Amino acid sequence: MNISDPTETFRQEARELLDLLEAGLLDLEQDPGNGDLINSAFRALHTIKGSGAMFGFTAVAEFVHEFETAFDRVRKGQSEATKALIGVALDAKDHIHRLIENPDRRITGGDVILSQLRQVVEGTPVEPVAPSPVAERTPAQKVDTTRLWRLTFFLPSDALVYGTNPLLLLDELAQIGPITVTALTDRIPDLDILDPEVPQIGWQVDIEADDPTSAIDDVFLFLRDSMELSLVPLERAPAAAIDLEEHTQLAAAPRAQEPAAVPVPPRAKAQEKAETDKPAASSLRVPAERLDELMDRVGELVIAQARLSQIAALSSDTALKTIAEELERLSSGLRDTTMGIRMVPIGSLFGRFRRLVHDLSGELGKPIDFITTGEETELDKTMIERLADPLVHLIRNSVDHGLETAERRAAAGKPAKGQVRLSAVYSGAEVAISVSDDGAGLDAARIRAKAEENRLITPETKLTDGELHQLIFAPGFSTAKEVTSLSGRGVGMDVVKRTIDGLRGTIEVSTRPGEGTTMTLRLPLTLAIIDGMLVRVGTGRYTIPLAAVEECVELPEGLEGQAKGRNFLDIRGSLVPYLRLREVFGITAPRELHQKVVIVSSGEGRVGLVVDQIIGNNQTVIKQLSKLHSDIKSFSGATILGDGSVALILDTAHLVASGQSYVDRNLNGRAA
Amino acid sequence: MSASEAPMKALTIRLQDELFAVEASQVREILDLVPITEVPNALPFVGGLINVRGRVVPLADLRVMFGMQRPEPDQDTRIVVMEVIIDGEPTIAGILADKVHDVTDIEAASIEEAPRVGMRWRPDFVKGIGKRNGGFIIIPDMERIFDTTDGRTPAAATTEERSSL
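Residue numbers (the working numbering), protein chains in the order written: chain A, 63 to 734; chain B, 60 to 224.
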């Protein structure tokens, strides 16, 4: 776990910047004239270029430089952010992503993208429009005959501490063009108050160059925000100071004889910085493993606290009782806070799908409105990561199968633009994420025909609508008449189903012919802690996730001694199969006289689990089982009980499935 | 192993009548016997789980892999918590030991490769055999023993061993 690997840090940062860039480009497509969007995209590019070069990602830096140059024309208002441009820019963004992820491999295609980009940008010249802040900086003023520039700068007071060498900076400046350097010593204080670690000397550099702005910008890339810097063309009126960057406020042009006459008010600058860097200032990047460790520790604390409470409950010492209660309050608070740290708004995931829909829309020629709601809904980080793939499948399905073509929509009297909605909302201790479209809806007859063709059901099988819809999650099931590049191969929905099962979630399908389909995923808020019901089977204790428990009943006397073949319970008129956990687990210890049945459900199915004793409810910190036990499907994990011993957590989805197959075996056996 | 010059720093443990040496650097801690939670339907080699400072750790019984008898734990029984590589991933596991002896250096020169024949145990489970004080010390190949990918089940190995005994 090398968390300080700088290239990895760069990669992470670059990934975020690329996400930002993508979001910006997509927004720009909706609002092509928005200067803020253009600038923020440009800034993201610029930072990637700078830090890429610093960490040795030269290919990235070179490519981004070209990209930036082309995009600069948009920024300056010489080109418009057309749809075509956004398209190429998105390709370019993908290319940068590839370059960053595989720095060692030679990745081709960059030149093609760049030439496309240049073509698009240069092919649509537009006159600089109304004088927006961006347009004011048209090169007409900048790239004229000015040959001599006066640069004045004071380094930030912490520059030396962070290893900046002013001489090297001057060397770099010298590479831009012939320079004349004058040291400005008027700020150096008396010797007795001089702090040798603070750079007191300012520099006045006269540079001969056509337009050194961006070159100088690069030299001071990492200092710019907190330093004083001004650049004036010497042969023009000194008032025409030129910003290096919009958000960096610069000193008013100093007169040549009075260098740095008007230092930038530091407060204003700090404020601006705070505005642009808000997320950086108020958040901290922590490796996920550390959070997992923290969670483990808190889990231990909760367990230790539970033991203390047990002891305190038996004791008559009031002081002990008081402190035990205090500790209980504190540790439950700590647990909630720690859980909160792991929660991430789902918006980070939704952002990715905008691009997906954008691309699909282009590929299939279906105009689509993609609407997301509930981005602020928070879910456990691991959960969000594992949701990405299933949601991709669902969205693809909606776009490809759900939405009709524009012509057919017109024929059906619907607006030509299809709608795909992605939303997240809390419901109880769960989060419901739904993907809905306003397309044709599921074709029940076709699903049925297909299922019969695939021998999933027989023509006689009677199914409710819900059961029929669940068939689309069967492996290899696809009703698409032709296989497109996107979907129709029948892989996907079963993967979705499996992933969601693995997250202890469920999928609901609701559809109305001609009006659309909604797929709703219901997921627990977290994977780390669940409420459990503690039961005993033989001498072992097991936890059943409480969310899956429907009810508990006593195993009727008459059924106890019965032979294996007829393990069904009559629960208010419906037959529920039951599994004797003693048999499943191969336990030989004598059974309890009055056995209990815990009815658990998963999706549509239900199964009764026969146990010796129901001990009670407990909060359970879930621990994953190691690879050594990953082949045992009846358990989804383990937990540590109040007395320090380990209890296994039953995998209800798996048990329900095995109960169901038991039913099938028996019913079919009887039918045959 | 026999090629390396430096002596092997090893923790020696006894399983039934045999002395075993495990790499001391992989050992995290040695525990007295703690309550063991049985995992139903698990292989006898890894039939239990224990709580090691709030972590749920699988408990392995090497005696199963070496076809030994498995009497009930007594006052000498210890659990050696160590890091083992399972299918390429470092994992913390507990190992039951009938007795834990000491940490010792085993001269690299004295370690010999396991003979292919004439051994009671599956040769691929033995990395080498060292000598100390005139006796033999078995150096088990933990990576092979904990490997779950090669399709052989430890249980099958056991019956195989038992029948050949």
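Think of the CB as a built atom: it goes at the ideal place given N, C-alpha and C, for glycine as much as any other residue. Values in this document were obtained by computation on a predicted structure and should not be read as measured data.
Candidates the options: closest to residue i by CA position
{"i": "Thr-214 of chain A", "options": "A:Pro-258, A:Leu-291, A:Arg-249, A:Glu-492", "result": "A:Leu-291"}
{"i": "Gln-722 of chain A", "options": "A:Ser-698, A:Thr-714, A:Val-669, A:Val-683", "result": "A:Val-669"}
{"i": "Ser-102 of chain A", "options": "A:His-127, A:Phe-133, A:Gly-118", "result": "A:Phe-133"}
{"i": "Thr-568 of chain A", "options": "A:Val-557, A:Leu-585, A:Thr-579, A:Gly-578", "result": "A:Leu-585"}
{"i": "Phe-119 of chain A", "options": "A:Asn-164, A:Glu-612, A:Leu-152", "result": "A:Asn-164"}
{"i": "Ser-141 of chain A", "options": "A:Leu-370, A:Gly-97, A:Lys-428, A:Leu-453", "result": "A:Gly-97"}
{"i": "Pro-174 of chain B", "options": "B:Val-162, B:Ala-69, B:Gly-189, B:Ala-167", "result": "B:Gly-189"}
{"i": "Ile-263 of chain A", "options": "A:Met-289, A:Asp-272, A:Glu-270", "result": "A:Met-289"}
{"i": "Val-162 of chain B", "options": "B:Asp-76, B:Ile-89, B:Glu-77", "result": "B:Ile-89"}
{"i": "Gly-193 of chain B", "options": "B:Leu-70, B:Glu-172, B:Leu-78, B:Asp-133", "result": "B:Leu-78"}
{"i": "Glu-259 of chain A", "options": "A:Phe-284, A:Gly-225, A:Asp-252, A:Val-243", "result": "A:Gly-225"}
{"i": "Asp-133 of chain B", "options": "B:Ile-165, B:Val-159, B:Glu-148, B:Val-111", "result": "B:Val-159"}
{"i": "Ser-126 of chain A", "options": "A:Pro-94, A:Gly-95, A:Gly-172", "result": "The sequence shown places Val at residue 126 of chain A, not Ser. Nearest option by C-alpha distance: A:Gly-172."}
Beta-carbon spacing of residue i, residue j below 9 Å
{"i": "Glu-130 of chain A", "j": "His-420 of chain A", "result": "no"}
{"i": "Leu-495 of chain A", "j": "Leu-703 of chain A", "result": "Sequence inspection shows Ile at residue 495 of chain A; the Leu mentioned does not correspond to that position. It is not a contact, given that the beta carbons lie outside the stated cut-off."}
{"i": "Ile-241 of chain A", "j": "Ala-277 of chain A", "result": "no"}
{"i": "Leu-80 of chain A", "j": "Ile-100 of chain A", "result": "no"}
{"i": "Ile-175 of chain A", "j": "Ala-121 of chain A", "result": "no"}
{"i": "Arg-644 of chain A", "j": "Asp-674 of chain A", "result": "yes"}
{"i": "Val-571 of chain A", "j": "Met-357 of chain A", "result": "no"}
{"i": "Leu-92 of chain B", "j": "Arg-137 of chain B", "result": "yes"}
{"i": "Leu-617 of chain A", "j": "Val-659 of chain A", "result": "yes"}
{"i": "Val-348 of chain A", "j": "Thr-400 of chain A", "result": "no"}
{"i": "Val-136 of chain A", "j": "Ala-143 of chain A", "result": "yes"}
{"i": "Ile-154 of chain B", "j": "Leu-102 of chain B", "result": "no"}
{"i": "Phe-205 of chain B", "j": "Leu-690 of chain A", "result": "yes"}
{"i": "Glu-437 of chain A", "j": "Phe-412 of chain A", "result": "yes"}
{"i": "Pro-575 of chain A", "j": "Asp-556 of chain A", "result": "no"}
{"i": "Thr-150 of chain B", "j": "Val-143 of chain B", "result": "yes"}
{"i": "Glu-619 of chain A", "j": "Ile-661 of chain A", "result": "no"}
{"i": "Thr-561 of chain A", "j": "Ser-498 of chain A", "result": "no"}
{"i": "Val-672 of chain A", "j": "Gln-686 of chain A", "result": "no"}
{"i": "Ile-592 of chain A", "j": "Ile-711 of chain A", "result": "yes"}
{"i": "Gly-395 of chain A", "j": "Thr-434 of chain A", "result": "no"}
{"i": "Ala-468 of chain A", "j": "Gly-528 of chain A", "result": "no"}
{"i": "Leu-285 of chain A", "j": "Leu-217 of chain A", "result": "yes"}
{"i": "Ala-228 of chain A", "j": "Pro-274 of chain A", "result": "Just to set this straight, residue 228 of chain A is Pro in the shown sequence, not Ala. No, the Cβ-Cβ distance between Pro-228 of chain A and Pro-274 of chain A is not below 9 Å."}
Status (buried if at least 16 other CB within 10 Å, exposed otherwise) for residue i
{"i": "His-531 of chain A", "result": "buried"}
{"i": "Ala-375 of chain A", "result": "exposed"}
{"i": "Arg-249 of chain A", "result": "exposed"}
{"i": "Pro-199 of chain B", "result": "buried"}
{"i": "Asp-257 of chain A", "result": "exposed"}
{"i": "Met-67 of chain B", "result": "buried"}
{"i": "Met-178 of chain B", "result": "exposed"}
{"i": "His-157 of chain A", "result": "buried"}
{"i": "Ala-151 of chain A", "result": "buried"}
{"i": "Gln-74 of chain A", "result": "exposed"}
{"i": "Ala-332 of chain A", "result": "For Ala-332 of chain A, the predicted structure reports a pLDDT of 46, less than 50, and the residue's modelled location is therefore unreliable. A value from the coordinates is still provided. Ala-332 of chain A comes out exposed."}
{"i": "Ala-478 of chain A", "result": "exposed"}
{"i": "Phe-697 of chain A", "result": "buried"}
{"i": "Ser-223 of chain B", "result": "Its pLDDT being 34, under 50, Ser-223 of chain B is placed unreliably in this model, and the value from its coordinates should be taken loosely. It counts as exposed."}
Nearest-angstrom Cβ-Cβ length linking residue i and residue j, presumed shorter than 8 Å
{"i": "Ala-464 of chain A", "j": "Ile-430 of chain A", "result": "The residue you asked about is not Ala; residue 464 of chain A is Gly in the sequence shown. That belief does not hold up - the Cβ atoms of Gly-464 of chain A and Ile-430 of chain A are roughly 10 Å apart, past 8 Å."}
{"i": "Thr-701 of chain A", "j": "Thr-601 of chain A", "result": "Between Thr-601 of chain A and Thr-701 of chain A the Cβ distance is about 17 Å, and since that is not below 8 Å, they are no contact."}
{"i": "Gly-268 of chain A", "j": "Leu-210 of chain A", "result": "According to the sequence displayed, residue 268 of chain A carries Asp and not Gly. Asp-268 of chain A to Leu-210 of chain A, Cβ: 6 Å. Contact."}
{"i": "Leu-677 of chain A", "j": "Val-599 of chain A", "result": "Checking the sequence, you will find Ile at residue 677 of chain A rather than Leu. Going by Cβ atoms, the distance from Ile-677 of chain A to Val-599 of chain A rounds to 11 Å, so no, they are not a contact pair."}
{"i": "Lys-443 of chain A", "j": "Val-487 of chain A", "result": "No, Lys-443 of chain A and Val-487 of chain A are not in contact; Cβ-Cβ is about 19 Å, not under 8 Å."}
{"i": "Phe-104 of chain B", "j": "Trp-180 of chain B", "result": "Wrong, their Cβ atoms sit about 14 Å apart, outside the cutoff."}
{"i": "Ala-715 of chain A", "j": "Ser-664 of chain A", "result": "4 Å"}
{"i": "Gly-107 of chain B", "j": "Thr-96 of chain B", "result": "6 Å"}
{"i": "Leu-74 of chain B", "j": "Asp-146 of chain B", "result": "Their Cβ separation, rounded to whole angstroms, is 24 Å, which puts Leu-74 of chain B and Asp-146 of chain B out of contact at 8 Å."}
{"i": "Leu-565 of chain A", "j": "Glu-492 of chain A", "result": "At roughly 11 Å, the Cβ-Cβ gap does not stay under 8 Å, so Leu-565 of chain A and Glu-492 of chain A are not in contact."}
{"i": "Val-611 of chain A", "j": "Gly-667 of chain A", "result": "Contact doesn't hold; Cβ gap of about 14 Å is too wide."}
{"i": "Gly-424 of chain A", "j": "Asp-500 of chain A", "result": "That pair is no contact at about 20 Å."}
Cross-chain neighbours of residue i in chain C, by beta carbon under 7 Å
{"i": "Asp-146 of chain B", "result": "Protein chains in the displayed structure are A and B, and chain C is not among them."}
When you check each C-beta in the stretch 626 to 659 of chain A against every C-beta of chain B, which residues fall closer than 9 Å? Hits within the stretch, in order: Leu-643, Val-646, Phe-647, Gly-648, Ile-649.
Name, going along the chain, the residues of the stretch 344 to 367 of chain A whose beta-carbon falls closer than 9 Å to a beta-carbon of chain B. For the stretch 344 to 367 of chain A, which is checked against every Cβ of chain B, the residues closer than 9 Å are Asp-358, Arg-359, Gly-361, Glu-362, Leu-363, Ile-365, Ala-366.
Residues in the stretch 68 to 98 of chain B having any Cβ partner in chain A nearer than 9 Å: Of all residues in the stretch 68 to 98 of chain B, only Val-93, Pro-94, Ile-95, Thr-96, Glu-97, Val-98 come within less than 9 Å of chain A when Cβ atoms are compared, listed by chain position.
Closer than 7 Å, Cβ to Cβ, to anything on chain B: give me those residues from the stretch 585 to 609 of chain A, in chain order. Residues of the stretch 585 to 609 of chain A with a C-beta atom less than 7 Å from some C-beta of chain B are Gly-602, listed in chain order.
Can you give me, in chain order, the residues of the stretch 107 to 123 of chain B that have a beta carbon less than 8 Å from any beta carbon in chain A? Sequence-ordered contacts of the stretch 107 to 123 of chain B with chain A read Leu-108, Ile-109, Asn-110, Arg-112, Gly-113, Arg-114, Val-115, Val-116, Pro-117, Ala-119 [C-beta pairs closer than 8 Å].
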